[in-house]
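Going letter by letter, the sequence shown gives residues 38 to 586 in my numbering.
Note that CB positions come from ideal geometry on N, CA and C, so glycine has one too.
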Amino acid sequence: MILSTDDLSDATSLETEICIIGAGAAGITTARRLLARGCRVCLIESGGRDYDGAQQRLNAGENVGTPYYDLVDSRLRIFGGTTAIWGGRCAPLDPIDYEERPWVAHSGWPIGTNQMADYVRQARQLLGLPVNGPADRGATNGEAFEIAWWEFDNTHDRFQAHNARDVTDHENATVLLFGTVTRLHLDSNGQTVRSAEIRDRRGRSHTITARIFVLAAGGLENPRLLLASNQEKANGIGNDNDLVGRFFMEHPRARGGMIETRQPLALLRLFHRMESGDGTRRLSLIRPSDALQKKAQLLNHGMTLAALKPEGHKINPVIRLYDNLRHELSPSRGNRRLWRSIRSAVIWLKGKLEPYLTWAMVRLGKRQLGLIIRAEQAPNPESRVTLTRDTDALGMPRIQLDWQITDFDKDSARRMVEAFDAFLQRRGLGRVVKAPWLDDPAKKWEFDPLVSMHPIGGYHHMGTTRMAATPDKGVVDPDCRVFGTDNLYVAGSSVFPTGGWANPTLMIAALSLRLGDHIAARLEDDAPSQQDAVPAAEAEIEHGTQQRV
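Written as structure tokens, this is what we have:
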């Protein structure tokens with residue numbers, strides 16, 4: 038059932054079994070698993086079925102660190118979340134990403150591939166991918182670099198309402214639209230979340246109580262809500278060790294250099310491959326092998342080859358028009374449909390022409406063969422989300438993002454490019470001319486608008502409620518429960534201790550399925566008796582503003 042806060046009476050009190058805050062990939066996937074396990078769920082979404090400018094403006098905040106995208110547009114308030122404009126790229130973490138790496142401070146997950154492998158397979162099925170990923174690591178024979186793959190979920194609107202009817206129409210599910218949770222309230226014991234405060238777009242306040250609460254609002258809004266919930270705890274919920282909002286990570290992008298080669302087609306056939314033979318579209322990229330990462334003490338990276346203009350040149354007018362359509366049109370349903378049509382045509386054309394299109398542009402001298410970096414960031418506690426004194430239209434403090442890229446991040450990228458240069462020369466495939474910024478001590482990082490329509494990062498907000506084995510190292514435990522609470526969990530990439538190179542949606546889905554199973558098993562173990570359930574039913578009849586959902 039889908040409801041809107043517009044239809045609620047003033048000061049409505051809602052009651053449910055499990056309250057999930059945020060209806061993006063994490064929230065919807067968690068809800069799907071819980072519903073399949075027989076739980077009762079209320080999914081609260083700040084936006085509606087379609088784009089709403091007033092709700093979107095609640096995102097506004099301040100960037101004070103490394104230049105970043107305007108925060109008002111960095112995530113969507115809509116049922117389905119930012120997946121409404123998702124490109125469908127899926128990739129799992131590499132095994133090394135879970136490991137504690139001595140050369141990467143604050144690295145290591147408290148869970149590993151053994152705990153996640155089955156959930157990754159389930160997430161692949163959920164996203165329309167084959168159960169097992171591609172095994173082909175390229176013809177590099179275990180050398181310093183190997184092939185990795187993006188796989189694409191071709192149902193780009195998989196999490197939109199019309200494709201989520203298994204949730205919206207489920208008898209045990211209530212979806213509440215235009216409900217912005219602005220604060221969580223703790224019980225007198227300081228450990229149990231007793232209620233969440235919901236503000237509607239008219240500014241009215243409602244409350245919801247639940248046995249379990251799940252934050253699934255993204256890597257910026259999850260810490261924002263925890264920090265803003267400071268009525269019972271001055272520093273916010275889960276923040277006894279001042280870790281909420283810290284360790285913000287992205288996948289920063291850059292031009293790594295230009296490749297000089299007499300064999301551009303051979304190089305492209307090896308490293309720039311597009312496949313769709315079994316109905317799943319795949320695109321290859323290059324990553325440093327685990328052995329190289331350990332030997333050279335590198336971060337994980339994904340690199341791609343592309344036909345690029347030299348640095349400082351103007352963007353092609355056709356590309357600029359394409360980019361403007363992508364970024365300047367509001368993401369309404371009609372505009373999203375237009376964008377998907379254009380994008381599908383471009384994908385079809387590239388699938389037919391690559392790698393020969395890139396080769397031809399290089400051979401004709403129209404472009405140079407460039408190396409594009411998509412970097413892993415080392416976890417950094419000084420890269421963080423905090424609150425400002427300014428408030429949004431609902432009275433909630435806005436966020437301040439201080440994104441920091443470290444010297445180690447840059448040094449790792451530089452040494453990786455140098456290693457790739459040596460790798461190409463060893464194989465007789467050419468050489469890499471490093472981008473000048475990599476050797477410029479005055480530049481911590483350099484974003485290049487010619488390398489991508491998203492030249493800064495992937496809008497991947499990770500790490501701000503990181504998972505750890507102990508509360509002095511993170512915000513949530515290995516089950517994604519907030520330390521110091523007994524009924525508050527977090528879903529999404531904000532729990533990632535490290536981010537690898539991979540786009541996070543597949544891992545968000547896998548962790549959400551795992552979280553759903555954990556919560557369902559917990560509720561089964563301590564299910565209330567029938568007698569305990571009677572007073573709630575009687576209260577619904579007695580008080581007209583109370584509603585069980």
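Residue i classed as buried or exposed, judged by whether at least 16 other C-beta atoms fall within 10 angstroms
| i | result |
| --- | --- |
| Q268 | exposed |
| D131 | buried |
| G99 | What sits at residue 99 in the sequence shown is Glu, not Gly. When all chains shown are included, E99 counts as exposed. |
| M153 | buried |
| E575 | The predicted position of E575 is uncertain, since its pLDDT is 32 and thus under 50; no value can be drawn from it. |
| G227 | exposed |
| E188 | buried |
| N169 | exposed |
| H199 | exposed |
| R94 | exposed |
| A176 | Confidence at A176 is low in this model, with a pLDDT of 48, below 50, so the placement of that residue should be treated as unreliable; the coordinate-derived value is given next. Flag for A176 reads exposed. |
| E137 | exposed |
| N259 | buried |
| G622 | Lying outside 38 to 586, the shown extent of the chain, residue 622 is not represented and no answer is given. |
| G240 | exposed |
| R426 | exposed |
| E561 | exposed |
| S321 | buried |
| D477 | exposed |
| A479 | exposed |
Alpha-carbon spacing of residue i relative to residue j, whole angstroms
| i | j | result |
| --- | --- | --- |
| D315 | A121 | 25 angstroms |
| L252 | L475 | 39 angstroms |
| L408 | D194 | 31 angstroms |
| R74 | A557 | 6 angstroms |
| K510 | G282 | 13 angstroms |
| M38 | F250 | 19 angstroms |
| T428 | A91 | 14 angstroms |
| I81 | L71 | 15 angstroms |
| D110 | R236 | 21 angstroms |
| D446 | S46 | 52 angstroms |
| A328 | N540 | 22 angstroms |
| G465 | A333 | 22 angstroms |
| R452 | A459 | 11 angstroms |
| T443 | R77 | 44 angstroms |
| F484 | R585 | 50 angstroms |
| R86 | W123 | 16 angstroms |
| T423 | G529 | 19 angstroms |
| H555 | V454 | 42 angstroms |
| T395 | T192 | 27 angstroms |
| E419 | D439 | 8 angstroms |
| S242 | E234 | 7 angstroms |
| T522 | S232 | 13 angstroms |
| E180 | W186 | 17 angstroms |
| N417 | A430 | 32 angstroms |
| V470 | L525 | 50 angstroms |
| A344 | F182 | 21 angstroms |
Cβ-based neighbour list, residue i, same chain, cut-off 7 angstroms, excluding 5 preceding and 5 following
| i | result |
| --- | --- |
| D190 | G125, C127, L164, G165 and L166 |
| A62 | G118, T120, F196, T542, I545 and A546 |
| G494 | E287, H288, P289 and R290 |
| E312 | R319 |
| A201 | I65 |
Neighbourhood of residue i by C-beta, 6 angstroms cutoff - its chain only, sequence neighbours within 5 removed
| i | result |
| --- | --- |
| N276 | none |
| Q462 | R468 |
| Q414 | M286 and D446 |
| F116 | A60, E82, R86 and A198 |
Contacts around residue i, its chain only, beta-carbon distance under 8 angstroms, and the 5 residues preceding and following it disregarded
| i | result |
| --- | --- |
| A303 | L466 |
| L262 | I58, V218, T219, R220, L221, L252 and A254 |
| G273 | L263, L264, A265, S266, N267 and V281 |
| T582 | S46, D47, A48, T49 and S50 |
CB contact check: residue i to chain D, cutoff 7 angstroms
| i | result |
| --- | --- |
| P167 | Note that chain D does not occur in the displayed structure, where there is just one protein chain. |
Residue i: CB within 6 angstroms of a non-hydrogen atom of the ligand FAD
| i | result |
| --- | --- |
| P260 | This structure lacks the ligand FAD, and indeed carries no ligand of any kind. |
Hey, is the region 494-509 in contact with the region 273-292, meaning 3+ C-beta pairs nearer than 8 angstroms?
yes
Indicate whether the contact test is met: 3 or more Cβ pairs, each with one atom in the region 202-215 and one in the region 486-495, closer than 8 angstroms.
no
What ranges does the beta strand (DSSP E) occupy inside the region 479-511, keeping only unbroken runs of at least 3 residues that lie completely in it?
none
Validate contact between the region 504-511 and the region 287-307 using beta carbons, cut 8 angstroms, 3 pairs:
By the criterion of at least three beta-carbon pairs nearer than 8 angstroms, the region 504-511 is not in contact with the region 287-307.
Complete runs of the beta strand (DSSP E) confined to the region 228-302 [at least 3 residues]
The region 228-302 contains these whole beta strand (DSSP E) runs: 230-236, 242-252 and 290-297.
Cβ pair count under 8 angstroms reaching 3, the region 432-439 against the region 88-99:
Proximity of the region 432-439 to the region 88-99 meets the contact definition, three or more beta-carbon pairs being nearer than 8 angstroms.
Go through the region 305-349 residue by residue and report every complete run of the beta strand (DSSP E) that reaches 3 residues or more, in order.
Fully enclosed beta strand (DSSP E) runs of 3 or longer: 319-325 and 338-345.
I'd like the ranges of any alpha helix (DSSP H) spanning at least 4 consecutive residues and lying wholly in the region 79-137.
90-93 and 132-135
Length-filtered (3 minimum) beta strand (DSSP E) runs lying within the region 520-563:
As far as the region 520-563 is concerned, its whole beta strand (DSSP E) runs of at least 3 residues are 525-527.
Could I get the ranges of all uninterrupted alpha helix (DSSP H) runs contained in the region 404-430, with 4 residues as the minimum, in chain order?
none
If we require 4 or more residues per run, which alpha helix (DSSP H) segments fall completely within the region 145-232?
150-163 and 202-205
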